[in-house]
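This report refers to the structure that appears directly beneath it.
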Amino acid sequence: MIESAGLFVIFHDEHLLIVQKPPGLLSVPGRLPENRDCVVSRLQEAYPDALTVHRLDQVTSGLMLFARGKDMQRALAMQFERRQVCKRYVAIVQGRVDGTAGEIALPLICDWPNRPKQKVDFEIGKPALTRWRLLAYGFGAGGPDVSRLELEPVTGRSHQLRLHLASIGHPIVGDTLYGAAPAGRVCLHASRLSFAHPADGRAASFESPPPF
């Protein structure tokens, strides 16, 4: 395992890298000079051929997949495009969610006057689907009135999990952008990635327990 200021490389071979991202770190550089520090720039110090395949929000922690070289980037990007990559997240949300599992299907689009915030828009929003499963009620300092969920983003829209949960009245703990009370962090963690290794097609799966 290789560490760089809270960023962990938990697997690497000549084709790809699996990284555990800390909360608060950008996935890719922002436009402003003060936002140049990010996961991919740190990775490229040790792995100059590391290329982005997907992103996590700055507030989100957990597993990210990076390609090594353009050929691997194309192959992995195609798996994401075809929804062949299995992604799971764990979140703690405000309130007690009714039921044990369900789906949220609400079309999303950027709220341009308030970007990077997104919004639900039934006229021009892009289709978005999130599946959720209840893991437990109540957790630690959150007290009894929170719910721990496993989430599957079937689509991959910006802020999808955060906005979908807020839209049903259960914002993710700490996610003040979408109406949650302040907390030490946004309690959203990318906990599992499964895909076909682009070099030989073998099944690859990685897990990361949430730090909350």
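Taken in order, the sequence shown gives residues 1 to 212; the numbers are from full-length UniProt numbering.
We treat Cβ as the ideally placed atom computed from N, Cα and C, and that holds for glycine.
Practice task
Examine the Cβ distances between the region 88-95 and the region 141-156 and report whether three or more of them are shorter than 8 Å.
Solution key: A contact exists between the region 88-95 and the region 141-156.
Exercise for the section: Figure out for me which residue from R82, R55, Y178, L134 has the closest Cα to the Cα of N114. Expected result: The candidate whose alpha carbon is nearest that of N114 is Y178.
Practice task
Output the distance between the C-alpha atoms of F122 and L165, rounded to the nearest integer angstrom.
Solution key: Roughly 17 Å separates the two Cα atoms.
Exercise for the section: Kindly indicate which residue of R36, K21, E34 has the alpha-carbon position closest to the one of H54. Expected result: By alpha-carbon distance to H54, the top candidate from R36, K21, E34 is K21.
Exercise for the section: On a CA-only basis, which of E34, A181, R36, L65 is nearest T52? Give me that one, please. Expected result: The shortest Cα separation from T52 among E34, A181, R36, L65 belongs to L65.
Handout entry: CB contact flag (L7, R42, <8 Å)
Key = Yes, Cβ-Cβ distance for L7 and R42 is below 8 Å.
Practice task
Could you pull out every residue in the same chain whose Cβ sits closer than 6 Å to the Cβ of R133, ignoring the five residues on either side in sequence?
Solution key: The beta carbon of R133 sits closer than 6 Å to those of A101, E150, all from its chain and outside the five residues before and after it, given in chain order.
Exercise for the section: Please name the residue in S147, P33, L56 whose C-alpha comes closest to that of V39. Expected result: Comparing C-alpha distances from V39 to each of S147, P33, L56 shows the shortest one belongs to L56.
Handout entry: Helix, strand or coil at Q79 according to DSSP, with G and I counted as helix
Key = In this structure, DSSP gives Q79 a helical state, which the three-state scheme calls helix.
Practice task
Quick one: using the 10 Å Cβ neighbour count with 16 as the cut-off for buried, is I124 buried or exposed?
Solution key: Around the beta carbon of I124, a 10 Å sphere encloses fewer than 16 other beta carbons of the protein chains shown; the residue is thus reported as exposed.
Exercise for the section: Identify which residue in D71, G156, Q44, I18 has its Cα closest to the Cα of P29. Expected result: By alpha-carbon distance to P29, the top candidate from D71, G156, Q44, I18 is Q44.
Practice task
State buried or exposed for T130, treating a residue as buried only when at least 16 other CB atoms are found within 10 Å of its CB.
Solution key: Looking at its Cβ environment, which holds 16 or more other Cβ atoms inside 10 Å, T130 is buried.
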